[in-house]
Amino acid sequence: LEKWAAINFMESNPQKCNVMVFGTSHKHEDPFELYNIKIPFTESYKYVGVLIQSKGKNLFKQHYENKSQAARVATMAAFSLNSVVGPIDPLSGRKIYLAQIDPHLTASCDVCLDTEHTHLRRLERVQETFIRRFMGLGDKALTALLFTETGLWPLAYRRLTLAVRFLQYIVTLPDTHLAKKATKESNLLAMRNPSRGWYAGLKTLLKERAGFELPNLESVSAETTLQASRSIRKMMLKLIRDRLNASPKAYLVRNILIEDDQGRLSKPVIFLRHYLAVTRRSHRIALTKLLLSDHSLESKRMRWIEKDKRPSRELRLCRNCGNNAETPEHVMFVCNLPTNTGAERLRSKILLKLGKETGQITDSEASDMVRAALRSQHTVTELAELAYTTYTYITKLSSTVI
11 LEKWAAINFM ESNPQKCNVM VFGTSHKHED PFELYNIKIP FTESYKYVGV LIQSKGKNLF
71 KQHYENKSQA ARVATMAAFS LNSVVGPIDP LSGRKIYLAQ IDPHLTASCD VCLDTEHTHL
131 RRLERVQETF IRRFMGLGDK ALTALLFTET GLWPLAYRRL TLAVRFLQYI VTLPDTHLAK
191 KATKESNLLA MRNPSRGWYA GLKTLLKERA GFELPNLESV SAETTLQASR SIRKMMLKLI
251 RDRLNASPKA YLVRNILIED DQGRLSKPVI FLRHYLAVTR RSHRIALTKL LLSDHSLESK
311 RMRWIEKDKR PSRELRLCRN CGNNAETPEH VMFVCNLPTN TGAERLRSKI LLKLGKETGQ
371 ITDSEASDMV RAALRSQHTV TELAELAYTT YTYITKLSST VI
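First residue of the sequence shown? That's 11 in the numbering used here, and the numbers climb one at a time after it.
Okay, here's the thing in structure tokens:
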């Protein structure tokens, strides 16, 4: 090292140097010296922002722990502002997440591939907690809904996409570039041992999470990386869609049509939904809880009873009318509530905006009314107020749950 530095007209600083030994202990190693100064051994070292450790089978375990803790601290700092500026609304929360939390959760993801799920899970918990907080949801809400309603990506797929973008950058480098040379060496190692090295890890993740077969490095082009990115997005959307289809909690928001400013309709899987922009917090949270099955209506509360003692969903009757199941769509559009609640006035207003005839709505039609009102940003404000009015009234009634 001294000779190489001298030839290149440089001088190394022994005070900034450490020695790491991988695969065994350094206790029996001879001391290293630089300019006649002994270089200390260490078991962890931060290099270009990445904390590497020599103990254990994963070099980046401490890096994951540190970044999850940093993201957690940023989360607590963001929500500590509640006492100063008030609760964070979803639009602001999304911006804060992308600006302050996401950088910690994706730090060095192009180098630290998520080949061990336990380390990735540390980061995912922070992401999910932050989104739940600004949406006003509890721990029991379906995780897939955190992404379908906010337009944010699940962390595993976002980190993998960034790693593929890094590979795209490497492909464009000249063969003399050190990063290109290092990737070629990693590719050769992957050919000899498919379970070792950065390139082998990237191939494994793309196959498992995107169903994409990454060829050897010499066959990779910019087009190959674009195909990999498209496969990641396609598989992510399919996974979320499948989870929504398999869960009874998502029946009100599954496959909803969305109307844009030009009146065009689409059916996006992940999208920042109109109702999250409702200004009044109490109305927005009431609607969010009803839509995403995080409420305390009888149709949900009966799940808390022992499984063999639960009545069927149809028999979890409304506490107000006692005629039909107490579901979100029933209390919002069907149940005959007292006049002083203002529910009937709000229902008529929503139906008029939707071009529907005012009058009694059946339970079979109620869910369609909810979905139709969610379609446009011109009706979600009234729907949120209706959700708050009806949900508040119903939950104040005595419950049949023991």
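Ideal Cβ positions, reconstructed from N, Cα and C, are used throughout, including at glycine. In this text, all values refer to a predicted model and were calculated from it rather than measured experimentally.
Of all the options T193, G332, P164 and S93, which has the alpha carbon lying nearest to the alpha carbon of I250?
It is P164.
Does DSSP classify F32 as helix, strand or coil?
Coil, per DSSP.
Please list, in chain order, all residues of the same chain as K359 whose beta carbon is under 6 Å from its beta carbon, the five residues on each side excluded.
The answer, listed in chain order, is E392.
Nearest-angstrom Cα distance between H36 and I62?
Their backbone Cα atoms lie some 16 Å apart in a straight line.
Are L215 and T125 closer than 8 Å when you measure CB to CB?
Yes, the pair counts as a contact, with Cβ atoms nearer than the cut-off.
With DSSP as the reference, identify every bridge partner of E269, one or two as the case may be.
DSSP lists L275 as partners of E269.
Would A238 and V174 qualify as a contact pair, given that the criterion is a beta-carbon distance under 8 Å?
Yes, Cβ-Cβ distance for A238 and V174 is below 8 Å.
Indicate whether the contact test is met: 3 or more Cβ pairs, each with one atom in the stretch 106 to 123 and one in the stretch 73 to 85, closer than 8 Å.
Yes: at least three Cβ pairs fall under 8 Å.
Near N415, which residues of its chain fall below 7 Å by C-beta distance, leaving aside the five closest residues on each side in sequence?
Within the shown structure, residues of the chain are numbered from 11 to 412, placing residue 415 beyond reach of any answer.
Thinking R294 and L286 are a contact (beta carbons under 8 Å), I'd like their distance in whole angstroms, please.
R294 to L286, Cβ: 7 Å. Contact.
For the candidate residues V95, R329 and E395, whose alpha-carbon lies nearest to that of A353?
Measuring from the Cα of A353, the nearest candidate turns out to be E395.
Which one of M30, L44 and N46 has the shortest CA to CA distance from T52?
The option with the nearest alpha carbon to T52 is M30.
What's the gap between the Cα of H187 and the Cα of T193?
Distance between the alpha carbons of H187 and T193: 10 Å.
Quick one, are the C-beta atoms of S90 and Q72 less than 8 Å apart?
No, they are not a contact pair.
As a quick exercise: from R381, F70, F144 and K65, pick the residue whose alpha carbon is nearest that of A88.
When each option's Cα is compared against that of A88, the closest is F144.
When you compare only the Cα positions, how much space is there between D120 and F176?
Taking the straight line from one Cα to the other gives about 6 Å.
If you pair each beta-carbon of the stretch 381 to 388 with each one of the stretch 265 to 280, do three or more pairs fall below 8 Å?
Yes, the stretch 381 to 388 touches the stretch 265 to 280.
Determine the extent of the beta strand (DSSP E) in which K56 is found, giving its start and end residues.
First-last of the beta strand (DSSP E) with K56: S54 to Y57.
Which of the three DSSP states, helix, strand or coil, is assigned to T139?
Three-state DSSP puts T139 in a helix.
Please state whether the Cβ-Cβ distance between V279 and T235 is less than 8 Å.
Not closer than 8 Å, so no.
So, using beta-carbon positions, are V380 and L262 closer together than 8 Å?
Yes.
Who are L327's beta bridge partners in DSSP?
Partner(s): A335.
Which one or two residues does DSSP pair with F70 in a beta bridge?
According to DSSP, F70 bridges with nothing at all.
Mind checking whether G326 and E308 have CB atoms under 8 Å apart?
Just to set this straight, residue 326 is Arg in the shown sequence, not Gly. The answer is yes: Cβ separation under 8 Å.
By the DSSP assignment, the alpha helix (DSSP H) with F42 in it spans what residues?
Where F42 is concerned, there is no enclosing alpha helix (DSSP H), although the beta strand (DSSP E) it sits in stretches over F42 to L44.
Here's the rule I'm using: 16 or more other beta-carbon atoms within 10 Å means buried, otherwise exposed. How should R169 be labelled?
Per the 10 Å Cβ criterion, buried.
Just the C-alpha distance for L101 and D378, rounded to the nearest angstrom, thanks.
The alpha-carbon atoms of L101 and D378 are separated by roughly 27 Å.
If you compare alpha carbons, which of L130, H305 and P348 is closest to D149?
Cα-wise, what sits closest to D149 is H305.
How should H284 be labelled, buried or exposed, when 16 other C-beta atoms within 10 angstroms of its C-beta is the threshold for buried?
The residue in question, H284, is buried, as its Cβ has 16 or more Cβ neighbours within 10 Å.
With T400 and L347 assumed to form a contact (beta carbons below 8 Å), what rounded beta-carbon distance in angstroms separates them?
So it is a contact: roughly 6 Å between Cβ atoms.
Can you have a look at T34 and say buried or exposed, based on whether 16 or more other CB atoms are within 10 angstroms of its CB?
Looking at its Cβ environment, which holds fewer than 16 other Cβ atoms inside 10 Å, T34 is exposed.
Please classify Q370 as buried or exposed, where buried requires at least 16 neighbouring CB atoms within 10 angstroms.
Label assigned to Q370: exposed.
Can you name, in chain order, every residue of its own chain whose Cβ lies under 7 Å from the Cβ of K67, other than the five neighbours on each side?
None.
With a threshold of 16 other CB atoms inside 10 Å of the CB of W14, please say whether the residue is buried or exposed.
Exposed is the call here.
Where does Q387 fall in DSSP's three states?
Coil, per DSSP.
Would you list the one or two residues that DSSP bridges to I280?
None; I280 has no bridge partner.
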